[in-house]
Amino acid sequence: MDANPTVSARPRDPRFLMLWPLLLGLATFFALGGAGILAPGNVGWLAHSDLAQSYLGWAFYRDAPWSWPLGANPAYGLEIGSSVYYSDSIPVLAIFFKALAAWLPAPFQYFGLWVMACLVLQAWFAWKLAGLASRDVWFRTVAVLLLVTALPMLNRIGGHMALVGHWTILAGLYLCLRPHRDRQVFWWALLIAGAMAMHAYLFVLVGVLWVADLAHRHWEDRRTMPRGAKAGLLKESGIVIGAALASAWVSGLFMVSGRGMRAQGFGHYKMNLLAPFDSAGWSALGLHFQTAAGEYEGFNYLGAGVMLLAALALLLFVIKRADHRWTTRNTVLLAMASALTLLAMTHVIGIGGAQLHLPLPAKLVDKLQGLPVQATGRLFWAVYYLIVVAALFALARTLKPMPLRLVLLAMLMLQAIDLYPGLARLRQSNLSRAEATLPTELRSPFWAQAAERYRHVRRLPTKALAPGWEPVAFFAQQHGMGTDMVQVARLDVKPFWQLEQRKRARLFEGDPEPDSLYLLTNDTLDLARAALVDPRDALFRLDGQIVLAPDWGTALPAGAENLRSGDAVRDAGPYQLPYRADFRQGSQARSLLGADGERIDAAQHYIPMHGATLYVPADADTTATLHATFELQALPPMPPSARLNVRMDGREIARAMPDADGRYRVSVDVSPARNPAHFRRLDLHFDLPPASEKQLRKWKVGVAAMEVSAVAP
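In our numbering, the protein residues as written are 620 to 1332.
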């Protein structure tokens, strides 16, 4: 698939002709109803789900002070440690417009401008790519129209906005295929650094193209200058990788640790083998197949026109094979495409509705499950564009100008007829989005009053992507408040659990943070009723939210439903003594395990071996006797000398050894509370023989049951 030898190695277009692809890109944007989403002040269409994540990440970032790395976004997520990278706010644009924030209107969004720029750049690089095969304007125009309406790209409008940047893939293909190497290292470093500052998946795809190009050029250099090939390879690798790492650091990629980068979805968010022929409702021809739940990430419909174009190109290639010179570049690109296709499908191969599981070793599958790249269906995007470009190149080198134009005209018409229903729906969707308004769920005057009193809005329990997070996050952003009620692509697990533990501990102690407004779930409501001590801590339901307003006072906002029992200071509810509970999934007692229990399955709530916290219902004027059972749920068996220590207020109050069944049965006297808090905190810690420390990760200890009864003092 090398450039046409009849085309100059350094093609130069007339200046007026260089405007043509840009006009085609602009025309496509406006034809798809983009005018409404282009307005910088129109943010209503960005009010929900992934769009809200991208916009709110930028809106919080705009008002945040500058810090290092530049992409740090502390108010969006608070202690979670977020950055504009993980809100998918297109960091390169967020940083640029933040520098101009003082001169920008409020509100301001750049996502409509981004979509327009992506379509224009898609058209531009399609034009440049087609120019490597033919200088014919008609040929290049058809190539632009086919690539600027590529469905894997258009399908991302209205969702993951950063992923509309498929022009980076075309730019990478252009660098791979152009016959000259002028400033090749510079352009690769710039493109890869830019892709990294847009979205990680774009970086991966552009990075794979760079590796393919580097392999091809290194192979050629070994023939022409064997002594300098290795030095050139190392030098370019250092420059490009260094540029990528610098871009990642500045954008805030490394604000989430390696563990937080793990995701669960490998083998689920994949590509079906029939994806290039599955329109998923975009086609007028009704091409559609049954697929698995996560295979929407592998949407890669070529369109009827492109499918026929590729089939014709393959046929002509076979018939006139002698006219085509197979090169090292073709071999490298074919190997790259094959590898990406296999990765896109994963070991769970979907063929329509059938799912074939390849028998991989369990350890390998576990490692694959921990890779940051989980939506592997996206990896086929580079192959998608390679198919279209290869078909165009093959036809340009096989057919004479007039037959080529007729064939391309027929294919373009077929593609337009096939995609028309989907493109029309996309246009209507964009027009409808442009008329959308911001959420209005929080209507009470209370919210504006609360914004003057509290600095943060917190959710308990902490949860990324909590239901109904958007109106709360918009409220917090509009009033200059920080919030942990956000949606992010990845989060750092350790700060997340530390935040949850701190918030839960303060609630158990009846001492919520005075500068934070809390929004609770129904599961947390009973806990708050039992834990709250100060009658001025208001607990009520308003505008569909369960609100805990510390030190608000006893006079509730108009329209609020009081959720505390009359004049009583505390309503222990289900946490009254005597208290009996197990810890099966769905049990309310799981909330008593603090936030240390990170691993949960259907039977047990597991606590880490290094220790955990257990909260015990206990009246202030009584002594409670705690009966707790801990079950060992792992192999190898816990050493008989492994001891469980139970501490309260920093003092050891009980210790236990495992019985023959591997269970710990502990009975302790919980002394009367020195404060009016209803719950007492017990710290659980395991002492193991030094030789057993390396086995810690293999053991799981699950709290099975608890019984607390009051004993007269």
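Cβ coordinates follow ideal geometry from the N, Cα and C atoms, glycine included. Values in this document were obtained by computation on a predicted structure and should not be read as measured data.
Residue i - DSSP class collapsed to helix/strand/coil
i, result
"Ala1187", "Low local confidence applies: a pLDDT of 46 at Ala1187 is under 50, so the model's placement there is unreliable, with the coordinate-based value given in what follows. Three-state DSSP puts Ala1187 in coil, outside helix and strand."
"Thr1102", "strand"
"Phe1305", "strand"
"Arg1046", "helix"
"Ser708", "coil"
"Tyr1198", "strand"
"Phe716", "helix"
"Glu914", "helix"
"Ala816", "coil"
"Ser1290", "coil"
"Arg1109", "coil"
"His779", "coil"
"Arg1078", "strand"
"Asn1181", "strand"
"Ala1149", "helix"
"Leu636", "helix"
"Arg754", "coil"
"Ser673", "helix"
"Arg1262", "strand"
"Ala1323", "strand"
"Ala1275", "strand"
Environment of residue i [buried if 16+ CB atoms lie within 10 Å]
i, result
"Glu1071", "exposed"
"Leu642", "exposed"
"Lys747", "buried"
"Ala850", "exposed"
"Gly1041", "buried"
"Ser1210", "buried"
"Lys1019", "exposed"
"Glu916", "buried"
"Glu1271", "exposed"
"Asp1111", "buried"
"His785", "buried"
"Trp945", "exposed"
"Ile599", "As shown, the chain starts at 620 and ends at 1332. That puts residue 599 outside it, with no answer to give."
"Arg842", "exposed"
"Pro980", "exposed"
Rounded straight-line distance, which links the Cα of residue j to that of residue i
i, j, result
"Thr995", "Trp1088", "28 Å"
"Leu1031", "Val767", "12 Å"
"Lys1122", "Leu1151", "13 Å"
"Val1166", "Pro1197", "29 Å"
"His887", "Leu770", "21 Å"
"Ile1036", "Ala1029", "11 Å"
"Ala1009", "Leu732", "31 Å"
"Pro1131", "Ile860", "47 Å"
"Val1265", "Phe885", "40 Å"
"Leu833", "Ala725", "45 Å"
"Tyr1039", "Asp1162", "43 Å"
"Thr1242", "Pro1086", "40 Å"
"Asp1103", "Gln672", "13 Å"
"Ala812", "Leu872", "12 Å"
"Leu1212", "Asn1141", "18 Å"
"Phe1115", "Ala1157", "26 Å"
"Gln1223", "Val1327", "Its pLDDT being 43, under 50, Gln1223 is placed unreliably by the model, and the measurement read from it follows with that caveat. Taking the straight line joining both Cα atoms gives about 19 Å."
"Arg1262", "Arg1300", "20 Å"
"Leu1005", "Ala932", "13 Å"
"Leu773", "Gly696", "30 Å"
"Ser856", "Leu810", "14 Å"
Opposing strand residues paired with residue i [DSSP bridges]
i, result
"Gly969", "Gln974"
"Val1235", "Arg1299"
"Asn919", "Beta-bridge pairing links Asn919 to no other residue."
"Gln1164", "Leu1161"
"Ser1328", "Thr1244"
"Val1285", "Ala1247"
"Tyr695", "Thr1102"
"Tyr1137", "Arg1077 and Leu1167"
"Met1021", "DSSP, once it has assigned bridges, lists no residue as partnering Met1021."
- [ ] State whether the region 910 to 922 contacts the region 895 to 902, with contact taken as three or more CB pairs (one from each stretch) at a distance under 8 Å.
- [x] yes
Open item on the list: I want to know whether the region 1045 to 1055 touches the region 654 to 664 - three or more CB-CB distances under 8 Å.
Closed with: Segments in contact, yes.
Task: Cβ contact (3+ pairs, closer than 8 Å) linking the region 813 to 824 and the region 773 to 792 - done: yes
Task: the region 907 to 914 touching the region 961 to 980, judged by at least three CB pairs closer than 8 Å - done: yes
Task: Stretch-stretch touch, CB-based, cutoff 8 Å, three pairs: the region 634 to 651 with the region 1011 to 1027 - done: No contact exists between the region 634 to 651 and the region 1011 to 1027.
Open item on the list: With three or more C-beta pairs closer than 8 Å as the rule, is the region 995 to 1007 touching the region 957 to 971?
Closed with: yes
Task: Contact the region 676 to 684 vs the region 700 to 719: 3+ CB pairs below 8 Å - done: yes
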